[in-house]
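Heads up: the structure comes next, in structure tokens.
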Amino acid sequence: MKLVRHISTIAFYLTRVIAAGYILTALYIILCVAFNLSTLQHLPDNRFAICYPFTSQHFLLGSEYATAYIAEMVLLIFIYGVFFVLLSNVFKSFKPKKIFTLQGIHHLRLFYLINLLIFPILFLILYVYSVEDYPYGFMIIAHCIMGIFALFIAAIFKQGLNLQNDQDLII
């Protein structure tokens with residue numbers, strides 16, 4: 006169990022850093038486009054590039070400088086920021102010595118509900134109205150599979166918590 010705690014601790018911090026990167030990137034895109042910062046470069050054929058702050062090195066490339074395209078890009082990047090925050094909370098559930106807790110069940114429940122309901126609906130809407138050609142069908146399938154696994158783990162956690170509480174009553 007010690008190995009699981011170590012791995013979950015590393016995974017927790019790693020996914021938090023990744024989540025921060027995604028969310029900060031989405032906010033950076035919004036700032037660059039909204040205020041037409043110098044890091045936003047307009048390229049030929051209505052394309053654009055967003056550079057790293059204070060440099061001319063390209064960070065993101067966009068195939069079309071249009072509101073719908075940029076909104077879709079920001080939404081997807083932000084969605085995956087939220088995904089990694091939720092995933093980090095799942096890893097956080099495995100860090101304490103007592104893993105069967107109400108908080109752990111809550112994190113797993115939120116993770117599977119978002120993956121089984123919210124993300125597929127969002128990706129279906131994006132698939133219908135998408136400007137870009139992303140593999141939304143595969144994204145829906147992948148999130149549903151993750152949601153189902155999280156649902157199973159949440160059920161195991163709930164059963165473990167019930168057994169743990171019953172054992173505490175007997176002692």
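Residue numbering for the sequence shown follows my numbering, beginning at 6 and increasing consecutively.
Where is the CB? At the ideal position from N, CA and C, for every residue including glycine.
- Thinking C-beta only, is Gly67 closer than 8 angstroms to Ile28? no
- Task: Identify which residue in Ile12, Thr72, Asn51, Leu121 has its Cα closest to the Cα of Phe157.
- Result: Looking from the CA of Phe157, the closest CA among Ile12, Thr72, Asn51, Leu121 belongs to Leu121.
- Between the segment 86-96 and the segment 23-43, are three or more C-beta pairs nearer than 8 angstroms? The segment 86-96, when compared against the segment 23-43, does touch it at the 8 angstroms Cβ threshold.
- Within the chosen definition, does the segment 132-140 reach the segment 63-80 through at least 3 CB pairs nearer than 8 angstroms? Counting C-beta pairs closer than 8 angstroms gives three or more between the segment 132-140 and the segment 63-80, which meets the contact rule.
- Message: Within 10 Å of its beta-carbon, does Leu91 have 16 or more other beta-carbons around it, so buried, or fewer, so exposed?
- Response: By the neighbour-count rule (16 or more Cβ atoms within 10 Å), Leu91 is buried.
- Residues of its chain near Leu1, where Cβ-Cβ distance is below 7 angstroms and the 5 sequence neighbours each way are ignored: This structure gives no information on residue 1, because the portion of the chain shown stretches from 6 to 176.
- Using the C-alpha atoms, what's the distance from Lys97 back to Ala159? Spanning the two alpha carbons is a distance of roughly 14 angstroms.
- Task: Measure the beta-carbon distance from Ile110 to Phe40 and round it to whole angstroms, keeping in mind my assumption that it falls under 8 angstroms.
- Result: The Cβ separation is near 43 angstroms, so there is no contact.
- Message: In the DSSP output, what is His47 paired with across the bridge?
- Response: Phe53
- Query: Across which residues does DSSP place His63 in a beta bridge pair?
  - Reply: Cys56
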